[in-house]
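Chain order of the listed sequences is A and B. Our numbering applies: residue -12 is where the first sequence begins, and numbers increase by one. Our numbering applies: residue 510 is where the second sequence begins, and numbers increase by one. C-beta: ideal position from N, C-alpha, C; glycine also.
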Amino acid sequence: MENNSVPLEYFFSALERRLRRKFPGEWPSFRVEVYSKLIELRFSSEQDAEMARGSLQRCISRDMRKPDVVFKYWQDDSGKYIGKEAVYGRWRKQTQDGWLSYAEGGGFYGLDAEKNIFYRCRPCKKTPDDLLISHALCDLFYFWSMAEGLALIHGAAIGVNGIGMVISGRSGAGKSTLAISCLLAGMDFVADDLLLLSGKNSLEAIPLYSSVSLNPDMNELLCPDMPLLGIRQKGKQKGKLIMDASGRHFAHKLAICGIIVPAFGQKPMISPIQGNAPLVRILHSSMTQFSDERNTMFVRTIASWLRRLPAFEFKQCEDFRKNAEFLRQFIEKEF
Amino acid sequence: MYKLNEEKMFFDMADGQAVVINFVTGMYYGTSMLGSVVLERLVKGQDPEQILAMLRVLPGCPEDIDKRLLSFVAQLIDKEILIPGETVFSEEEAVDERSASEGFELTLDEFAEVQDLILADPVHDVDVEQGWPIFKED
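Below you can see the structure in the form of structure tokens.
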């Protein structure tokens, strides 16, 4: 078997031939600019492209230069490209030509390092609304960000006067509600769910997605008055409203100084958290969000960036304006 | 008796499951359901003998639970998750029977990057119709 190992570029050229046969014609595409990099996103269907565009409005670029990187996304049976009978579970192959990663039932990802094209073949059975909140694409952004020395994590980020906090919490803990409350209160806002971090100089949060999501009951209370992109149809997030927040003010970047773990209480209250539980939460939820890979480089990177940050539990009350104002005052005072 | 090796490890319980992350190497660990309960107690500084006594009273507890516990603790030490520490947790809180609903296995799983499992020639040796890496039938 070892003697059969050849450069991955042969796989990618074979893949391109198959894609041309399966999806002839030009693929619907658009471009985004993220952290000064131009990314062209190509999709096999207009519907997928349209949904993805909706959640990346804020980063869309009309720059027609050669893109720095290309993402290719399509839905198909991955067994047509990678013989599913031949592999079970999960495997990854990496050479200087790129890498290929396959997860049983989850399709495959790849990077043609020479052409700088990231590939994502997603199984057809996946819910079509995944692209609304770009979770179908977040894996590609995750892999791309690692290659760029950035990191995509599962968390929100808000702040005041350029000083920010990562909000990290388990599902249902009020992470999005708190982040959107802060956005509506005119505070600095970067993301409510998926967040790009850069640790190149100081630690900074950078916006990527401009869609936000809320449960209908929270939406009624907060009244964010944002265009509705869609409603999640399946899974744990069923019924969640996905809205376009691109018309709101986003911070260009935020210097991250701490971690907020939301909880619920009678009145707004903040208390320090000892230990590294919030960081485990960020790492664990990020790794289960993005292709479910236990990526040691990702762990080391995030740990080195975040481990010395102070963490606080923030008890939110029912008055969302009061919560945002309390958090604003806390950040102004402490940082 | 033991404590978490905080110079290298992060630990938290996520939805009842122990998650341990070695932030120096980036390795990531999970445990069986009962293992999570045991690990949480060990991290809090409970004496393994005390934990053993709690496990023994659970319905269906196997005879060799002492060996399983010993082996589990040895693995945790070997992976540098636990280091010697003081016994600080003496609370006689019983182990919930539901903790053993998935059995009495005390296992530690280690996760890292996925290894290369298949090395095939995607052009020359594969079945053209079926894709890669299905080998051509001679």
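Alpha-carbon to alpha-carbon, residue j and residue i
i, j, result
"Leu184 of chain A", "Pro593 of chain B", "36 angstroms"
"Pro372 of chain A", "Met205 of chain A", "What the structure shows of chain A is the stretch from -12 to 322, and residue 372 of chain A is not part of that stretch, so it cannot be assessed."
"Lys102 of chain A", "Val286 of chain A", "27 angstroms"
"Arg4 of chain A", "Met522 of chain B", "47 angstroms"
"Leu543 of chain B", "Phe613 of chain B", "6 angstroms"
"Leu626 of chain B", "Gly252 of chain A", "Here the model assigns Leu626 of chain B a pLDDT of 41, short of 50, so the residue's position is not dependable, and the following value carries that caveat. For Leu626 of chain B and Gly252 of chain A, the distance between alpha carbons rounds to 50 angstroms."
"Glu72 of chain A", "Gly92 of chain A", "Confidence at Glu72 of chain A is low in this model, with a pLDDT of 48, below 50, so the placement of that residue is unreliable and no value is reported for it."
"Phe130 of chain A", "Gly245 of chain A", "25 angstroms"
"Pro15 of chain A", "Glu33 of chain A", "6 angstroms"
"Arg577 of chain B", "Asp180 of chain A", "41 angstroms"
"Gln303 of chain A", "Gly156 of chain A", "13 angstroms"
"Glu312 of chain A", "Ser291 of chain A", "31 angstroms"
"Ala583 of chain B", "Ala100 of chain A", "43 angstroms"
"Val529 of chain B", "Val267 of chain A", "8 angstroms"
"Gln596 of chain B", "Pro265 of chain A", "The amino acid occupying residue 596 of chain B in the given sequence is Thr; Gln does not appear at that position. So the two alpha carbons sit approximately 25 angstroms from each other."
"Cys169 of chain A", "Asn310 of chain A", "8 angstroms"
"Arg550 of chain B", "Glu516 of chain B", "19 angstroms"
"Phe555 of chain B", "Met510 of chain B", "The sequence given here places Gln at residue 555 of chain B; Phe does not occur at that position. Cα to Cα, Gln555 of chain B sits roughly 7 angstroms from Met510 of chain B."
"Ala90 of chain A", "Thr283 of chain A", "17 angstroms"
Cβ-Cβ distance between residue i and residue j below 7 angstroms
i, j, result
"Leu171 of chain A", "Pro211 of chain A", "yes"
"Arg45 of chain A", "Phe237 of chain A", "yes"
"Ile145 of chain A", "Ala166 of chain A", "yes"
"Glu20 of chain A", "Val57 of chain A", "no"
"Leu655 of chain B", "Thr540 of chain B", "Residue 655 of chain B cannot be examined here, being either before or after the span of chain B that is shown, 510 to 647."
"Ser163 of chain A", "Ser197 of chain A", "no"
"Phe519 of chain B", "Phe532 of chain B", "yes"
"Ala143 of chain A", "Ile154 of chain A", "yes"
"Val552 of chain B", "Val604 of chain B", "no"
"Ala192 of chain A", "Leu241 of chain A", "yes"
"Arg315 of chain A", "Val147 of chain A", "yes"
"Leu591 of chain B", "Leu585 of chain B", "yes"
"Leu(-5) of chain A", "Asp63 of chain A", "no"
"Leu208 of chain A", "Asp231 of chain A", "no"
"Ala178 of chain A", "Leu124 of chain A", "no"
"Glu611 of chain B", "Leu567 of chain B", "no"
"Ser31 of chain A", "Phe(-1) of chain A", "no"
"Leu190 of chain A", "Ile104 of chain A", "no"
"Ala527 of chain B", "Leu548 of chain B", "yes"
Beta-carbon contacts of residue i that lie in its chain and below 8 angstroms, excluding the five residues immediately before and after
i, result
"Tyr68 of chain A", "Leu2, Arg5, Phe95, Cys108"
"Glu619 of chain B", "Met536, Tyr537, Tyr538, Lys588"
"Gly569 of chain B", "Ala609, Phe613"
"Ile269 of chain A", "Ile140, His141, Gly142, Val153, Ser155, Ile246, Ile289, Leu293"
"Arg7 of chain A", "none"
"Arg49 of chain A", "Arg18"
"Arg281 of chain A", "Met274"
Range of the contiguous beta strand (DSSP E) that encloses residue i
i, result
"Arg4 of chain A", "Looking at the DSSP string, Arg4 of chain A is not in any beta strand (DSSP E); the run it does join, the alpha helix (DSSP H), is -5 to 9."
"Val546 of chain B", "That residue, Val546 of chain B, is in no beta strand (DSSP E); its alpha helix (DSSP H) goes 542 to 552."
"Gln316 of chain A", "Per DSSP, Gln316 of chain A belongs to no beta strand (DSSP E); it is in the alpha helix (DSSP H), 307 to 321."
"Val199 of chain A", "198 to 201"
"Glu37 of chain A", "Where Glu37 of chain A is concerned, there is no enclosing beta strand (DSSP E), although the alpha helix (DSSP H) it sits in stretches over 33 to 42."
"Leu195 of chain A", "Neither: Leu195 of chain A is in no beta strand (DSSP E) and is coded neither H nor E."
The alpha helix (DSSP H) enclosing residue i, as first and last residue numbers
i, result
"Leu578 of chain B", "574 to 587"
"Arg268 of chain A", "264 to 276"
"Pro557 of chain B", "557 to 565"
"Arg287 of chain A", "283 to 293"
"Ile167 of chain A", "162 to 171"
Burial state of residue i (16 or more Cβ within 10 Å)
i, result
"Ser132 of chain A", "buried"
"Asp35 of chain A", "buried"
"Gly41 of chain A", "buried"
"Pro249 of chain A", "buried"
"Asn188 of chain A", "exposed"
"His271 of chain A", "buried"
"His141 of chain A", "buried"
"Gln261 of chain A", "exposed"
"Ser273 of chain A", "buried"
"Pro297 of chain A", "exposed"
"Gly525 of chain B", "exposed"
"Ser88 of chain A", "buried"
"Cys111 of chain A", "exposed"
"Gly66 of chain A", "buried"
"Arg219 of chain A", "buried"
Neighbourhood of residue i by C-beta, 6 angstroms cutoff - its chain only, sequence neighbours within 5 removed
i, result
"Tyr106 of chain A", "Lys59, Gly97"
"Ile257 of chain A", "Phe299, Phe301, Phe317"
"His55 of chain A", "Correcting the residue identity first, residue 55 of chain A is Asp in this sequence and not His. Excluding sequence neighbours, Asp55 of chain A sits near Lys24, Leu25."
"Pro259 of chain A", "Phe299"
"Trp86 of chain A", "Leu98"
Cβ shell of residue i (< 7 angstroms), same chain only, five flanking positions each side left out
i, result
"Pro203 of chain A", "Gly226, Leu228"
"Arg52 of chain A", "Leu25"
"Ala43 of chain A", "Sequence inspection shows Leu at residue 43 of chain A; the Ala mentioned does not correspond to that position. Excluding positions up to five away in sequence, the list reads Val19, Ser121, Tyr196, Ser197."
Residue-chain proximity (residue i, chain E), Cβ-Cβ < 7 angstroms
i, result
"His141 of chain A", "In summary, chain E is missing from the structure at hand, where the protein chains are A and B."
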